[in-house]
Structure formats: C-alpha cells, structure tokens
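Data first, discussion second: the structure below is written as structure tokens.
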Amino acid sequence: MGRMEAAVVGLGKMGSALARRLLDRGLAVTVYNRHPEAAADLVRAGASAAPRLADVWLGARVAMSFLADDEALTQVYLGSGGLVESAPQGAVLVEMSTVSPVASGAVARAATQRGLHYVRCPVSGNPGVLSAGELTLIVSGDDASVQAARPYLEHVGPRLYHVGSQEEARVVKLAVNAMLAASAQMLAETITLTEASGVPRAVFLDVLAGSAMGSPFVRYKTPSLLERRYDATFTTAMLLKDLRLAEDVAASARAPMPVTEVVTQLAEASCDEGLGDLDFIALLPHLQKLAGRPTDIPLS
Numbered sequence: 001m002g003r004m005e006a007a008v009v010g011l012g013k014m015g016s017a018l019a020r021r022l023l024d025r026g027l028a029v030t031v032y033n034r035h036p037e038a039a040a041d042l043v044r045a046g047a048s049a050a051p052r053l054a055d056v057w058l059g060a061r062v063a064m065s066f067l068a069d070d071e072a073l074t075q076v077y078l079g080s081g082g083l084v085e086s087a088p089q090g091a092v093l094v095e096m097s098t099v100s101p102v103a104s105g106a107v108a109r110a111a112t113q114r115g116l117h118y119v120r121c122p123v124s125g126n127p128g129v130l131s132a133g134e135l136t137l138i139v140s141g142d143d144a145s146v147q148a149a150r151p152y153l154e155h156v157g158p159r160l161y162h163v164g165s166q167e168e169a170r171v172v173k174l175a176v177n178a179m180l181a182a183s184a185q186m187l188a189e190t191i192t193l194t195e196a197s198g199v200p201r202a203v204f205l206d207v208l209a210g211s212a213m214g215s216p217f218v219r220y221k222t223p224s225l226l227e228r229r230y231d232a233t234f235t236t237a238m239l240l241k242d243l244r245l246a247e248d249v250a251a252s253a254r255a256p257m258p259v260t261e262v263v264t265q266l267a268e269a270s271c272d273e274g275l276g277d278l279d280f281i282a283l284l285p286h287l288q289k290l291a292g293r294p295t296d297i298p299l300s
C-alpha cells in the first residue's frame, strides 16, 4: 500500500501543528493557506504546497481544515474554486474549526449534493496537545463519512466522540467552550477574592487543586497564573467569538444561558481594554481592575 495522503487547509497555529503531526506520522501532506508564506516552514519539513485551493486534490482525497471563523469557512468551502466545488466525487472533508452550525450546515448541504463525505470535527486541545497526538475529537456526520475520516483522525487524537449525524458536534464544542469560559471567569473571581483578602495566589491555587473543584483546567492554568504569563494559544477574542456563537445557538434552541451572557459581557469588556490578543485567562486582570487591585499586566 502507498503512503496515506492528506491535505491541510488553513495554517494558523492549529493547522500548522496538524500538518507537522501528519508529516511526523509518515503521511504525504499537501498544505494550502490564503497567505502562501505560512507554508514555507512546512515545505522545508516535507510538505507540498498547493498554489491554488483546488490543487489540494491533485494528490489527496482527504482535506482537513482549521479556519478562523464562519466567513473563512464559507470562502474556503463554498467560494469559486473552493473545496466543495473542486473536490472529486467521494472525497472526504474534515472540518475541525469552531464555527456556527448554520455555516457548517450550508457546507454540509453543498457537499451532499456533490457526493462528498463531510465530517464536522471540532476539537478540544491546543497546538501542543495536537503535536502530541492527544486531541479530543468531537465528531458528527453519517457513519460512512466518519469511518472514512477515522484513519486520519486516529493520528491526532485517541478520543473520538461521535455525537450525531448533523451539526451536533458544533453545538457540543460551543457548549464545552461556554463551560471553559465560565470556569475561567470563576478562577479569575476567586483569585481576586483571595488575594484581596491576603492569601497568596500560590497558596490558593494549591488548595484549589487539592479540593473537590480541582480539575485538569486548574492544573493546566496554574503555572501561567503564577508567572503572570498571558501568551496565548486561545485568545480572549477567540473566546468572545465562541461565546457569541453559543448565544446564537441558545437563542435558536430557546435554551436560557444567563451565566454565559454575563461572561460574554466580561469578555467584551476585556477585549475593549486591549486584552483580546492575550490568553483568555486575561479575564483576571480585567477583574483586578474592577476591584481596584494591581493588575497582572498594564491595561488600556
């Protein structure tokens, strides 16, 4: 049998990490990015660069994408010369971004009309987790499409949750991120409370990690919180985008999300203070400012 071949479309932090992971696993990888210079390092690592979006299909029959938002999704998949229009019949589209069910549903309908497999596969994890092959994969699509994508997805994550046949994966991912936002906000609030009461941050976080509320999220965030580091793999602006998407889904489902509404407002305020490009735990310095406390980083 020949080498497995895959295309990776969108070479931000996650897309670049995906392409490198597939290369490391021995796959032949074609890459495409709207700004071609992003592909240079991957080409040096062994990938082939497609000059046009349609050219990703010259070798691959599976295309995997990480894109910024609904607008990028629509352009890449449904635009002239896009992935759906240019794909050969039976090709597999694995879309791994966090986008709305509405935009994803439009891609699904177009893919079905052309006889393509379409798998929604938003993920839980950052580029480091992806590089280690430890992503959590939230998947929806018909059984045949998921089975066609599975050999490729197994290279990037050991946990695949097939949650439905339509847009369920999009909803589940937005629900997970709403929980993440609420957890980040509560962590910011409790750090602000305990520090304002004279308890050192390290002491509180140690107690929290050993309590019933200790979690992988708390353990993961503790080093950067202790070092006051806000370098981002998932920014406050990205969090705000996902919260707004979650609110849109909630409105359509008539599902109240009062906590999410409050956290969305706080994320908006954090972005207004210039924290949008920093890690989403930048909800903390925003709250420190509201409390009249010294902030971990200067605010606008």
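Residue numbers (this note's numbering): 1 to 300.
Cβ coordinates follow ideal geometry from the N, Cα and C atoms, glycine included.
With distances taken from CA atoms, which of the options is nearest residue i?
i              : options                       : result
tyrosine 152   : Leu73, Asn177, Gly133         : Gly133
serine 16      : Gly26, Arg3, Ala40, Met4      : Ala40
isoleucine 138 : Val263, Val43, Glu167, Thr192 : Glu167
leucine 245    : Ala6, Ser104, Val56           : Ser104
valine 176     : Phe217, Gly157, Arg150        : Phe217
proline 122    : Leu187, Val99, Ala110, Thr194 : Val99
valine 29      : Leu42, Ala38, Pro36, Glu37    : Leu42
alanine 72     : Val107, Gly198, Arg25         : Val107
Tell whether a beta-carbon distance below 8 Å holds between residue i and residue j.
i              : j             : result
leucine 160    : arginine 21   : no
alanine 181    : leucine 239   : yes
leucine 290    : serine 270    : no
valine 119     : leucine 93    : yes
serine 252     : glutamate 273 : no
aspartate 279  : aspartate 231 : yes
methionine 14  : proline 88    : no
serine 86      : leucine 53    : yes
leucine 27     : glutamate 5   : yes
aspartate 296  : arginine 219  : no
glutamate 268  : glutamate 247 : no
isoleucine 281 : alanine 202   : no
Tell me where the beta strand (DSSP E) around residue i begins and ends.
i            : result
tyrosine 230 : From DSSP, tyrosine 230 is part of no beta strand (DSSP E); its letter is neither H nor E.
serine 140   : 136 to 140
serine 215   : Counting along the chain, serine 215 falls outside any beta strand (DSSP E), and DSSP gives it neither H nor E.
Could you check the C-alpha separation between residue i and residue j for me, to the nearest Å?
i              : j                 : result
aspartate 277  : phenylalanine 234 : 9 Å
glycine 125    : leucine 135       : 5 Å
alanine 50     : tyrosine 32       : 5 Å
arginine 34    : alanine 212       : 46 Å
alanine 144    : histidine 117     : 8 Å
tyrosine 77    : proline 298       : 40 Å
arginine 61    : proline 294       : 54 Å
glutamate 95   : proline 223       : 32 Å
alanine 19     : serine 97         : 15 Å
valine 259     : glutamate 189     : 14 Å
glycine 79     : arginine 114      : 14 Å
methionine 302 : methionine 179    : Residue 302 lies beyond the residue range present for the chain, which begins at 1 and ends at 300; the question has no answer from this structure.
leucine 275    : leucine 225       : 15 Å
glutamate 37   : arginine 44       : 12 Å
glutamate 154  : glycine 164       : 19 Å
alanine 149    : threonine 264     : 34 Å
isoleucine 191 : alanine 237       : 22 Å
aspartate 142  : valine 102        : 18 Å
proline 158    : glycine 292       : 45 Å
glycine 214    : alanine 91        : 44 Å
In the DSSP assignment, find the unbroken alpha helix (DSSP H) run with residue i in it and report its ends.
i             : result
leucine 239   : 236 to 253
arginine 109  : 101 to 113
threonine 190 : 168 to 196
Less than 8 Å between CB atoms is the rule here; does residue i satisfy it with respect to chain B?
i           : result
proline 151 : No chain B appears in the structure shown, which is made up of a single protein chain.
Practice task
Mind the definition here: the region 10 to 19 touches the region 64 to 80 only if three or more C-beta pairs lie below 8 Å; say whether that holds.
Solution key: yes
Exercise for the section: Answer yes if the region 161 to 178 comes into contact with the region 198 to 215, meaning at least three C-beta pairs across the two stretches below 8 Å, and no otherwise. Expected result: no
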